[in-house]
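Chains as they are written, first to last, in the numbering used here: chain B, 3 to 325; chain W, 13 to 883.
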């Protein structure tokens, strides 16, 4: 059953299943790469956060301390801390090595949908169902947030941070970009509850998926729409989207159990990756390689461009457990 | 002080004097007190003052304890020669005093006072009081009398003048009079109560003595009259009561009442400042309030002082004096005749004519038909009576209407009524004008033009008018926010009419909107006011205007106000339309000023964009708490017009997608995406939005599209509304149809592609008829829900779980098949795509290049989108 290989498409897509990890922590609400893509973080509905080795798929550590399901996590740039947001309305800053709670930040009035470190991990930003984004200082012992961004009129579903910008997507159908350097707030109206936002790798565009089953690529500076990607199904669930590491493709989860790949420029569907029968909830693209993580139900799939496992410094990865 | 310091907050403002002590610190060694020689004292000019010690002269004076300056004190040179004798130097105390001594707190404060000669006789009140007090408490009660006796003699300027005129102390003021023979004297020298006879001029004090040798030709000074004290009564005692005067009590006067009017009474003498020794009567304390002393000689003194009725008058007898009206009676005419006989000061002359009496006119007689009630007329037409009308006065009807009020009559008419002769000269400005000018004016005033032309306005006004016209021209909307003439509604209405005209670009808006019935002067004034107001309160641009809120009328309480963000995100209606048309960009983008926190900026390593700003977040303004606008914004977000009513709520995603608005609402509740079964699918598809992202190529989809195209207004409308002028210019060449087609093409292309790829899967799904597990009933979950967990813990749905598991097994085997199928299909697709791509341009070929930089990608993307736009 060998087919003649098609012409080699150089911007390869992670379409080969490399590994399936059963996380055993209930439905996986979010799956994340760490900053360099060596480790995985899975947020489980069983109140736990798990750290996995990316190359081997072995469990490295389990972080327990949340009172309800963990909804989002982010690792700091130096791999020393992890922040998580949970349905128990708290944000927890974890010490990676010890697995202890470094700080538990209370203040949100409802569950925390999304958390994010800033570039230097000096601030944790958390968006919540209460419609606010809170900026927590990790440097001081202050229990109160530095600033509360309450411009959103509905739940903040997604949040991303670049060097000096905050991108939030809210259920009120608006994508807000707070520019700290300019002191401006740019509001883009999309007229549909936003489920996920992200910056492009070059920082010139923003990608936002909304509940009208559309992923839109907007020019960051003007707000003009550069591309619209449809075909998937996103009508009821908070599913994620992302861009590939080289900005060549737009990826989105779908309620039909597939991950959709669109060519960024042409806007056409280039791959529909069947992941599972259930809804694919979360996905994360490797920061440098063509590697994809998808989370569906309790399993995390690791996808790669090459079908067989590449023999790349596994030992290194294991020995480099963050201390 | 300590307590003060403890709870002292900066908010509480105590007034503190002096420099506070430095706070003591526990571990600090007690500071050594400053030695005396290092302590410095400075005067108010900041100069050092050396302290010599209290007993050695206090502070040093002058320059280093010397007199004068650094150069020292130079004594005035004493020169005396035979021709020029040196004058005697009279040293005053001031010569030996410093400036500080003359100051307010010095030993001799110098302030402007009335000098002694000009001071009034009355001693300063505090002085008097102190003296009276001293008299009361003195050991020797009559002591102050002595003081008065030896008081330094000083005469006021008034007394000086009087003495120059021949007045002597003790005399009355006035012309000298001849002594008249005594007509009558009071028959009895008994007590007089009530209104006592005044001491008439003829009753001199020396009368008793001088009566026998009163020559005929001698004149006498009038009797001195004490000024009647009209001071208000303060006590509760009756009229004329005096408390026990120690002076009188000592003299043992037993008289019940002081007699002010008899010249010899003590009271009178006291009033006049005379001191007369009482020669009779017992010494010692005596009086009604005191009993009879042990040393009292006469035992028959009436101890209990029974008041005898005989002391009182029982009959109204003849009044003393003229017997006319008592002592308040006007002086007799005899006194008038007396010419002034005293000395007349040089520079003054006696007036020749007598003072004229003021003539008192009787009140006017009222006409018989006078009614003391005024009825106002309803309407008074005053236009033809305008005050400064240019019409010659001759034209004024000679008899004004009878019912015209007094104030409605022009001066000329009034003059005519009064029968005044018309003043010679031009009666009107018109007559002063040259005939041609007058002609022109009259032409301008021609009948037909209701409003008279205003006098040529000053150039400044003219300029203002033009400025106002320029500012208001073409402006629409509600610019009536400012009501400068709110008090006068009619005027405000006129002003608004004026603004309307201005907006319409009317040249003489002011003239047209003024009330023609007003006088020209009034009109001119009003016009000026209007022009000024319109220039002052010209409409600001909406962006600027939104930054200001009008102050509330009247007193505004902060309690009634609430802080709201200054910049609100605009309404969603037009944005929705823009989104529907996929016109992202300007129309959907809003940029607001946002102030990050200082710490946040520091943590992000970013300079604060607004250094020095104290605001955090969106700038806020105060608005009325119950202002409609506060609720409007909420309404905008929560219930933008009907169909989007609860769209943004989390639990609405089960309903049809928000963009889809033309669907009837009845369908929505029955459909829930998670419960979609293949049978329902067409229905769901129907609810898909218009974006043509159809996964299933149903016929109904097209129908829906048709329906929506019917409902959607023509493209022109949107273009007219949304497209900016530059956009229009760029795309003016392209037809709207072209654009639409292009859009459709763009949409179709991926859909075809998509269909090819996914059709097997879709087909498989259909045949499988796999009902997706319904989401577990989570407790009031809002928003885009989290996908259902893998295991369904709720026992009620266990059946569904089983079913799912069964299905899963089926799925697995089918999945394999599917995979194969898809692979095949994919390959096919890929081949097709390759073919397509070959045809495509080189630029797009480059997209397949090995190393694609994201920047290039974006660049290309922008180019593509712009070219798409151009089409």
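Don't be surprised by glycine CBs; every beta carbon is placed ideally from N, CA and C.
Three-state class that DSSP yields for residue 270/B in the structure shown: coil
State the beta-bridge partners of residue 138/B as determined by DSSP. 126/B
Could you tell me whether the region 592-610 of chain W touches the region 113-123 of chain B, using the rule of 3 or more Cβ pairs below 8 angstroms? no
Residue 53/W burial status per 10 Å Cβ neighbour count (16 or more: buried): exposed
Residue 632/W touches chain B at which residues, Cβ-Cβ below 8 angstroms? Near residue 632/W there are no residues of chain B at all, since even the closest Cβ is about 12 angstroms away, more than 8 angstroms.
Going by the DSSP bridge assignment, what does residue 429/W pair with across the sheet? Partner(s): none; residue 429/W has no beta bridge.
Quick check: the region 128-145 of chain B against the region 583-597 of chain W, are at least 3 beta-carbon pairs closer than 8 angstroms? no
Which of the three DSSP states, helix, strand or coil, is assigned to residue 75/B? strand
Within a Cβ cutoff of 6 angstroms, which residues of the same chain sit near residue 222/B, ignoring the five residues on either side of it in sequence? 206, 207, 208
Confirm the yes/no value for this check: CB of residue 306/B, any heavy atom of the ligand NAD, distance under 6 angstroms. With respect to small molecules bound, the structure shown includes none, and the ligand NAD cannot be examined in it.
Could you list which residues in chain B have their beta carbon closer than 9 angstroms to that of residue 517/W, in chain order? Within 9 angstroms Cβ-Cβ: nothing; residue 517/W doesn't reach chain B, min ~36 angstroms.
Give a yes or no on whether the minimum CB-CB distance between residue 2/B and chain W is below 7 angstroms. With chain B covering 3 to 325 only, the question about residue 2/B has no answer from this structure.
Mind reading off the beta-carbon distance from residue 296/B to residue 307/B? Whole number of angstroms is fine, and I expect it under 8 angstroms. That pair is no contact at about 15 angstroms.
Cα-Cα separation between residue 232/W and residue 187/W, rounded to whole angstroms: 9 angstroms
Can you list, in chain order, the residues of its chain whose CB lies under 7 angstroms from that of residue 70/B, leaving out five sequence neighbours each side? 49, 88, 89, 90
By the 7 angstroms beta-carbon criterion, what residues does the region 589-615 of chain W contribute toward chain B? 591, 594, 596, 597, 600, 601, 602, 603, 604, 605, 606, 607, 608, 609, 611, 612, 613, 615
Short of 7 angstroms Cβ to Cβ, which residues in the region 254-267 of chain B face chain W? 266, 267
What's the C-alpha gap between residue 124/B and residue 95/B? 11 angstroms
Can you check whether the C-beta of residue 125/B is within less than 7 angstroms of a C-beta belonging to chain W? yes
Taking Cβ-Cβ distances shorter than 7 angstroms, what residues in chain W pair up with residue 83/B? Going along chain W, no residue has its Cβ under 7 angstroms from residue 83/B, so there is no contact; the nearest lies around 14 angstroms.
What residue does the alpha helix (DSSP H) around residue 170/W start on, and which one ends it? 169-176
Closest Cβ-Cβ distance between residue 900/W and chain B: below 7 angstroms? In the structure displayed, chain W extends from 13 to 883; residue 900/W sits before or after that span and is not available.
Can you tell me which residues form a DSSP beta bridge with residue 92/B? 108/B
When you compare each of 103/W, 31/W, 611/W to residue 182/B by their alpha carbons, which one comes out closest? 611/W
Identify, in the order they occur along the chain, each residue of the same chain with its Cβ nearer than 7 angstroms to the Cβ of residue 17/B, setting aside the five sequence neighbours on each side. 273, 275, 305
Does the beta-carbon of residue 33/W have 16 or more other beta-carbons within 10 angstroms, so that it is buried, or is it exposed? exposed
Just confirm the distance between the C-beta atoms of residue 216/B and residue 230/B, as a whole number of angstroms; I'd bet it's less than 8 angstroms. 6 angstroms
From residue 237/B to residue 214/B, what does the alpha carbon distance come to, in whole angstroms? 6 angstroms
For a test of the three-state rule: what should DSSP assign to residue 501/W, helix, strand or coil? helix
Can you check whether the C-beta of residue 621/W is within less than 7 angstroms of a C-beta belonging to chain B? yes
Pull the bridge partners of residue 276/B from the DSSP assignment, please. 260/B
Can you tell me where the alpha helix (DSSP H) holding residue 591/W begins and where it ends? 585-592
Can residue 20/B and residue 34/B be called in contact, C-beta distance under 7 angstroms? no
Separation of residue 157/B from residue 92/B, as counted between CA atoms: 15 angstroms
Measuring CB to CB, does residue 104/B end up less than 7 angstroms from residue 74/B? no
Residues sharing a beta bridge with residue 2/B, DSSP: Limits of chain B in this structure are 3 at one end and 325 at the other, which puts residue 2/B out of reach.
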